[in-house]
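K.L.:
Residue numbers (my numbering): 13 to 183. I am attaching a structure below and will ask some questions about it afterwards.
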Amino acid sequence: HGLMQLDFLVELGMDPEHSFLDVGCGVGRAARRFVKYLEPGNYTGIDISEKALKYAVELSESEGWADRKPTFLINSDLDLDEKFDFLWAHSVFTHLPDWQIEKMIGNASMIVRRKFAFTYKFAEKPQRSGLKQMQYPPEYFGEIAHNVGLSMEDHPKRWPAGQRTIVLTKA
């Protein structure tokens with residue numbers, strides 16, 4: 013799955029010299045692909061789970077890519093000081109309420125240099141389908157993006173689990 017994500021980001025224009033923020037990196041399954049593609053030190057992964065991040069560090073050591081200097085941080089809303097060329101959030105917004113998405117996109121607008129791409133579950137109007145399964149229409153993201161100075165593309169890319177893709181760009 014990480015390979016599909018990497019291929020998509022490369023199609024969007026991500027090069028090895030770009031700095032990259034992996035939002036909701038979890039245990040590092042996709043990180044192993046990103047870190048090997050990017051120049052050393054250009055990968056940062058964030059997650060809300062300290063346990064998942066600890067496993068990601070262990071994975072990087074056991075698989076031999078820790079020497080490429082990935083950074084793993086606990087963070088829940090993108091309130092970071094560093095700026096990144098590309099931000100990626102795969103299936104993160106599917107689990108978040110609208111207020112947290114609005115905060116994250118607002119913060120992303122301050123740290124993204126090029127593009128912020130993310131996947132989400134589509135619905136005609138914002139709705140919850142289960143305890144932590146949220147669905148949104150693309151217009152919802154477009155309004156938030158516009159309010160923080162980003163332009164939005166409802167990208168045609170679809171993922172195996174049915175997620176759709178949004179790409180936000182510095183306007």
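By construction, the Cβ of each residue, glycine as well, lies at the ideal position given by its N, Cα and C atoms.
1. If you reduce the DSSP assignment to three classes, tell me which class Ala157 lands in.
2. Is the distance from the Cβ of Phe84 to the Cβ of Leu71 below 8 Å?
3. Compare the beta carbon distance of Ala68 and Gly57 with 8 Å and say whether it is the shorter of the two.
4. Gly57 lies in the beta strand (DSSP E); which residues open and close that run?
5. Straight-line CA distance for Lys81 to Ser88?
6. Under 8 Å between the Cβ atoms of Lys133 and Phe98?
7. Measuring alpha carbon to alpha carbon, tell me which of Asp91, Tyr148, Arg140, Trp111 ends up nearest Ser121.
8. With a Cβ-Cβ cutoff of 8 Å, do Val104 and Val160 count as a contact?
9. Per DSSP, what are the beta-bridge partners of Met164 in this structure?
10. In the stretch 43-106, which residue ranges form an unbroken alpha helix (DSSP H) of at least 4 residues, counting only runs that do not cross its ends?
11. Mark Asp59 as exposed unless 16 or more other C-beta atoms lie within 10 angstroms of its C-beta, in which case mark it buried.
12. Considering Val39, what are the terminal residues of the alpha helix (DSSP H) in which it resides?
13. Alpha carbons only, please: which of Ser74, Arg125, Asp93, Pro109 is nearest the one belonging to Ser163?
P.N.:
Based on what the coordinates show:
1. Within the sequence shown, numbered from 1, the residue matching residue 157 stands at position 145. Three-state DSSP puts Ala157 in a helix.
2. One-based indexing of the sequence shown puts residue 84 at position 72. One-based indexing of the sequence shown puts residue 71 at position 59. Result no, Cβ atoms of Phe84 and Leu71 do not sit closer than 8 Å.
3. Mapped onto the sequence shown, residue 68 falls at position 56. Mapped onto the sequence shown, residue 57 falls at position 45. Yes, they are a contact pair.
4. For the purposes of this step, residue 57 is taken as residue 45 along the sequence shown, with counting starting at 1. That run of the beta strand (DSSP E) goes 55-59.
5. By one-based count along the sequence shown, residue 81 stands at place 69. By one-based count along the sequence shown, residue 88 stands at place 76. Cα to Cα, Lys81 sits roughly 22 Å from Ser88.
6. Along the sequence shown, one-based indexing puts residue 133 at 121. Along the sequence shown, one-based indexing puts residue 98 at 86. It is not a contact, given that the beta carbons lie outside the stated cut-off.
7. Locating residue 121 in the sequence shown gives position 109, where the first residue counts as 1. Per the Cα distances, Asp91.
8. Counting from 1 along the sequence shown, the entry for residue 104 is found at position 92. Counting from 1 along the sequence shown, the entry for residue 160 is found at position 148. It is not a contact, given that the beta carbons lie outside the stated cut-off.
9. Within the sequence shown, the letter at position 152 stands for residue 164. Checking the DSSP bridge columns, you'll see Met164 partnered with Leu180.
10. Correct list: 43-49, 62-74.
11. If you number the sequence shown from 1, residue 59 lands on position 47. Around the CB of Asp59, 16 or more other CB atoms lie within 10 Å, so the residue is classed as buried.
12. The count along the sequence shown starts at 1 and reaches residue 39 at position 27. No residue range can be given for Val39, since it is assigned to no alpha helix (DSSP H) and is classified by DSSP as neither H nor E.
13. Start at 1 with the first residue of the sequence shown, and residue 163 comes out as number 151. Comparing Cα-Cα distances from Ser163 to each of Ser74, Arg125, Asp93, Pro109, the minimum goes to Arg125.
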